[in-house]
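First to last, the protein sequences are chains A and B.
If you're matching positions, the first sequence starts at 1 in the working numbering and goes up one per residue.
If you're matching positions, the second sequence starts at 1 in the working numbering and goes up one per residue.
All C-beta atoms in this analysis are idealised placements derived from N, C-alpha and C, irrespective of residue type, glycine included.
Predicted model, so just to flag it, every value in this text is computed and none were measured.
I have placed the structure first, in the form of C-alpha cells, so that the comments after it can refer back to it.
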Amino acid sequence: MTPVTAGRARPAHAGRRRRFSAAAPPWFFAAPALVVYALVVLYPAVSGVVYAFTDWSGIGQDMSFVGLANFRTLLGDEQAMGSIGNTLLLTVAIVAVQNGVGLLLALGVHARLKSRALLRVIFFSPVVVSPVMVAFLWKYIYNPDPSAGLNGLLGLHVDWLGDPSVALWSIAGMVVWQYAGYSMVIFLAGLEGVPRELHEAAMIDGAGTFQRFRYVTWPLLAPAVTINLMLSTIGGLKLFDQVFAATNGGPGYATETLSTVLYKQAFVFGKFGYSTAVALVLALFVAAVSLVQVYYLRRREVTA
Amino acid sequence: MRRTFLLEIVMIAVAVAFLFPVYSLVSLSLKDPGQISRSPLALPDPPTFDNYGSAWSAAALGPSLVNSTVITVVSLVALIALGSFAAYFLARVQSRLGYGLYILFLLGIVLPFQLGMIPLYELVSDLGLIGTHAGMILFYTGIQLPFTVFLYTGFIRALPREYASAAQIDGASHLTAFTRVVFPLLRPITGTVLILNAVFIWNDFFTPLVYLGGSGFETVPVSVFAFVGQYVSDHGLVFAGLVLGALPIVVVFLALQRYVIKGFSSGLKG
C-alpha cells in the first residue's frame with residue numbers, strides 16, 4: 001500500500017515574487033528522477049492504456065486493435081463482473097470497520113492510560129509485517145476445525161474461508177486486524193493536535209463527553225479522517241496479497257477481486273490485452289475515489 | 001481516577017484479544033504435530049524448537065534475507081538521492097513548466113501500478129533484468145518516486161530559502177549549497193521517507209513474485225510464500241517459518257518504534 005499524504009499543495013509561483021533569481025536550482029537536479037519515473041511509471045502506464053484496446057497475448061509483437069471488445073468481454077465475464085462487486089464490498093467493509101475500530105482504539109489510547117505506550121505498539125505492530133505472512137497466519141486462525149483457531153476460541157463451527165457467503169468478510173476481517181493500528185496512529189496524531197483549552201472551554205460551558213467529541217474533537221479530526229479514508233479506500237480497491245495467499249479468489253469466485261482477476265488473466269491465461277483492460281477499470285475506480293474524497297472531505301476541514 | 005482505570009482494563013482486554021493470532025502463531029511453532037492435533041489452543045507442553053531449525057533451511061531464509069536487504073537498502077539510497085534532488089528543484093522553480101512537472105509526479109501516487117504492470121514487465125525483460133536485484137531496485141525506485149518527491153517537496157517549500165541563498169552568496173554552487181546546507185536540514189522528512197519506503201519495499205510481494213520467482217534471488221515474502229505452499233499441512237513448521245520471516249522487520253520496528261509510528265502518522269503534517 002502506498003501511503004498518501006494530504007499536504008496542502010500550492011503552486012510554487014503563487015503569491016511569491018522572484019527575490020533572488022539564483023535561488024532556482026538548475027534542471028539537472030530533476031533530470032535523473034524524471035528519467036526513472038518516465039521509464040518505470042509513465043511509459044508503462046501509457047502503454048497499458050493502449051494495450052487495453054488490443055488482443056495482445058504477451059508473446060511477441062503480434063497484436064491488433066480490437067476497439068472496445070475487451071470491455072464488452074468484461075461486461076459479459078461473470079468472474080470479472082463478480083470481482084468488481086467483491087472489490088467494492090470489500091472496500092466498503094474495510095473502510096468502515098478499519099476506521100471505526102481505529103478511531104475507538106485511538107480514543108482509548110489517547111486517554112491518559114498507564115499502558116498507552118505499550119498498547120500503541122501492540123495495535124500498530126501488524127502494520128509492519130508482510131500482508132502475505134499475515135494472510136497465512138489468518139488462514140490457520142480461520143481453520144474450519146471446530147477445536148482450533150478462531151472456532152476453538154469462540155466455540156463456533158464456521159468454515160471461514162471455505163463458505164462462499166462468509167469468505168469475503170473473513171478476508172475483510174484479517175485486513176482490519178492488520179491495519180486498524182495504522183488508522184489508529186493517524187487518528188492519534190489528529191487527537192494530539194486538538195488544543196486542550198478547547199476541551200476545557202467546552203467543559204466549562206457544560207458539554208458532556210459525547211458533545212465534546214461531536215463538536216470539538218470531530219471537526220478538528222477532519223484532516224485525519226481524510227487521510228484515513230483515502231488510504232483505506234485505495235488499499236481496499238487494490239487488495240491482492242491477502243486474497244492471493246488466503247483463498248486465491250475462491251471458493252468459486254467468491255473472493256475474486258479486480259487485482260486477482262487481472263493477475264490471472266495475464267499470468268495464467270496469457271490474455272495480456274484483456275488483463276490491462278481490467279487494470280484500466282481498476283485505475284478509473286481509484287482515480288474517481290481519490291478525486292471525490294479530496295473534493296468532499298476537504299470542504300469540511302476546519303482549523304483550530 | 002476510576003473511569004481511567006476502567007478504560008485501562010477494557011483496553012488491555014482488547015489488546016489481549018487482539019494478540020490471539022500472535023499467540024497461536026508462536027505457540028504452534030513450538031509444538032510437534034501430535035501436540036498440534038491434540039491441543040491446538042493450549043500452551044506448548046513441552047515446547048520444541050525443532051521446527052525452527054527445519055524451517056530456516058527449508059525456506060532458504062538466509063539467502064532471502066540477503067536479497068531483501070540488498071534490494072531494500074539500494075532502493076532507499078536511490079530514492080533519497082533522486083527524490084530529494086528533484087524535490088529541491090520542484091519546490092524552488094518558479095516557472096509554470098516546473099509546476100506542471102510537479103503535478104506529473106503527483107499523478108504517479110494515484111495511478112495503480114497494475115495499469116503499467118505488463119508493459120513494465122516487458123521492458124524489464126528486454127533490459128535483461130528479470131530475476132536480478134537490479135530489476136527490482138529499478139522498479140522500486142521508479143514506483144516510489146512520486147510519493148518520495150511529494151513528501152520532500154512539501155517539506156522543502158516550508159523551509160526558508162535564505163539558507164541556500166546565504167551559501168550561494170558565499171560562493172557555493174547549487175550542488176554544494178544543496179548537499180552541504182539544504183540536505184542536512186531535511187533530516188526529519190528523510191526519516192519519514194526512509195521508514196515508509198523501507199516497510200513497503202521489504203514487504204512487497206506481487207512484483208518480486210513475478211520478477212524473481214524461481215530465480216534464486218527471491219525476497220523474504222516470496223520465499224515464505226513458496227515455503228508455505230510446499231509444507232502447507234505441517235502447521236508447526238509453517239509457523240516457525242512465518243515467525244522467522246517476520247522477525248527481522250518486527251525487531252527493527254520494536255527498536256525504532258517511536259520513529260516508525262511517527263513516520264506513519266506524520267502524513268498529517270505532510
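Boundaries of the alpha helix (DSSP H) harbouring GLY142/B: 133 to 157, taken from the DSSP string. Bridge partners of PHE65/A according to DSSP: THR54/A. Comparing alpha-carbon positions, the option among VAL243/B, GLY34/B, ALA15/B and TYR211/B lying closest to PHE267/A turns out to be TYR211/B. Minimum Cα-Cα distance from PRO248/B among the listed residues THR247/A, VAL129/A and GLY206/A corresponds to VAL129/A.
Annotated three-state conformation of LEU113/A is coil, per DSSP.
Put simply, the CB of PHE29/A is near chain B, with a gap under 8 Å to one of its CB atoms. From the beta-carbon of VAL73/B, no residue of chain A is found nearer than 8 Å; the closest lies around 17 Å away. Within chain A, not a single residue places a beta-carbon under 8 Å from that of MET136/B; the smallest gap is close to 11 Å. Between the C-alpha atoms of GLY67/A and VAL278/A there is a straight-line separation of about 14 Å. With 16 or more other CB atoms across the displayed protein chains lying within 10 angstroms of its CB, ARG212/A is buried.
Membership of TYR263/A in the alpha helix (DSSP H) is indicated by the continuous run 258 to 267. Leaving aside the five residues that flank GLU256/A on each side, the residues in its chain whose CB is nearer than 7 Å to its CB run, in chain order, GLN79, GLY82, SER83, ASN86 and GLY249. Collapsing the DSSP output to three states places GLN242/A in a helix.
Below 8 Å, too few C-beta pairs join the region 227 to 239 of chain A and the region 167 to 183 of chain B to call them touching: fewer than three. For VAL40/A, same chain residues with a beta-carbon under 7 Å away, outside a window of 5 residues either side, do not exist. For PHE272/A, the chain B residues whose Cβ falls inside 8 Å of its Cβ are ILE118, in order along the chain. Along the region 198 to 214 of chain B, going in chain order, the ones with a CB nearer than 9 Å to a CB of chain A are VAL199, PHE200, TRP202, ASN203, ASP204, PHE205, PHE206, LEU209 and VAL210. Shown here, THR219/B sits in coil according to DSSP, grouped into three states, outside any helix or strand. Neighbours of LEU7/B in chain A, taken as residues at a C-beta separation under 8 Å, are given in chain order as GLY108, ALA111 and LEU113. With a threshold of 16 other beta carbon atoms within 10 Å, GLU218/B meets it and is buried. Spanning the alpha carbons of THR207/B and TYR23/B requires a straight line of approximately 31 Å.
The beta carbon of ARG187/B sits no closer than 8 Å to any beta carbon of chain A. At a beta-carbon threshold of 8 Å, the residues of chain B lying near LEU153/A are PHE20 and LEU41, ordered along the chain. Judged by pairs of C-beta atoms under 8 Å, the region 280 to 289 of chain A touches the region 106 to 115 of chain B, as three or more such pairs exist. By the Cβ test, the region 63 to 75 of chain B is in contact with the region 195 to 205 of chain B, since at least three Cβ pairs between them sit closer than 8 Å. If you compare the alpha carbons of VAL243/A, GLU192/A, PHE124/A and ALA167/A with that of PRO144/A, the shortest gap goes to ALA167/A. Among the residues facing chain A, GLN114/B is included, as its CB has a counterpart in that chain under 8 Å away. For VAL73/B, the closest of LEU107/B, MET136/B and LYS31/B by C-alpha to C-alpha distance is MET136/B.
For VAL185/A, the uninterrupted alpha helix (DSSP H) run begins and ends at 167 to 192, by DSSP.
Following the DSSP letters along the chain, one finds VAL127/A in no alpha helix (DSSP H), marked with neither H nor E.
The DSSP-derived three-state label of HIS157/A is coil. PRO131/A has a beta carbon lying within less than 8 Å of a beta carbon in chain B. Here VAL182/B really is in contact with TYR88/B; their C-beta atoms are around 6 Å apart, less than 8 Å. Residue environment for GLN230/B: exposed (fewer than 16 other C-beta atoms within 10 angstroms of its C-beta). Its chain contains PRO146 and PHE150 as the residues whose beta carbon lies nearer than 7 Å to that of LEU106/B, once the 5 sequence neighbours on both sides are disregarded; these appear in chain order. For the pair TYR215/A and ALA224/A, the CB atoms are not nearer than the 8 Å cut-off.
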